[in-house]
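Trainee:
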Amino acid sequence: MVDILVVEDDEVFSQLLAMHLEDLGHKPTVAHSLDQARSFLQKNTPDAILLDQQLPDGYGLDLLKEIKADTDPPPVIMVTGVSDNALVIQAMKAGAYDFVRKPMDEVELDTTLNNALRNHQLSRKVKTIRLTMDKKV
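Quick note: the sequence shown uses our numbering, first residue 134, plus one each step.
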């Protein structure tokens, strides 16, 4: 079971997204604000994060930068209804794995999420192998 943090202020959209993730066998946790997301992240490490850009108490991009400052951050997929190419570029430069626009296509989201999880798992394996190799040298 994969733990997914959904940071989304829209109650209906976040419920639909959580139900979809549950149908896929994932365990979603919903935070409706940056403050709720930060509180969750202080105690938990999700396998991936779906992060809205515009939240009642700030911008998802700010939280993305905080998450990416961690030593082994989970992949973050930005999710937003704002169609601003400059925002996409900023998010990718800040370390977002990908960017999905609302209204989203479930297949696109599933593919993006699966790729992010697989890529993160492979990155962890490579780090482990490198550490093992460094110890042998």
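Heads up, the beta-carbon is just placed ideally off N, CA and C, and yes, glycines get one too. Fair warning: this is a prediction, and the values are worked out from it, not measured in the lab.
Pick from 180, 188 and 240: whose alpha carbon is nearest that of residue 169?
Mentor: Closest option to residue 169, Cα to Cα, is 188.
Trainee: Three-state secondary structure (DSSP) at residue 225?
Mentor: Helix at residue 225.
Trainee: Determine the burial state of residue 213: buried for a count of at least 16 other Cβ atoms within 10 Å of its Cβ, exposed for fewer.
Mentor: Residue 213 is buried by the Cβ-count criterion.
Trainee: Would you mind sorting residue 186 into buried or exposed? The rule is 16 or more other CB atoms within 10 Å of its CB.
Mentor: With 16 or more other Cβ atoms within 10 Å, it is buried.
Trainee: Rounding to the nearest angstrom, what Cα-Cα distance links residue 253 and residue 208 in this structure?
Mentor: Approximately 7 angstroms, taken between the alpha carbons.
Trainee: Who are the Cβ neighbours of residue 135 in its own chain at under 8 angstroms, not counting the five residues just before and after it?
Mentor: The answer, listed in chain order, is 158, 159, 160, 180, 181 and 250.
Trainee: Expressed to the nearest angstrom, what Euclidean distance is found between the alpha-carbon atoms of residue 204 and residue 198?
Mentor: Each residue's Cα considered, the two are about 12 angstroms apart.
Trainee: Tell me the residue span of the beta strand (DSSP E) that contains residue 211.
Mentor: Run containing residue 211: 209 to 213, per the beta strand (DSSP E) assignment.
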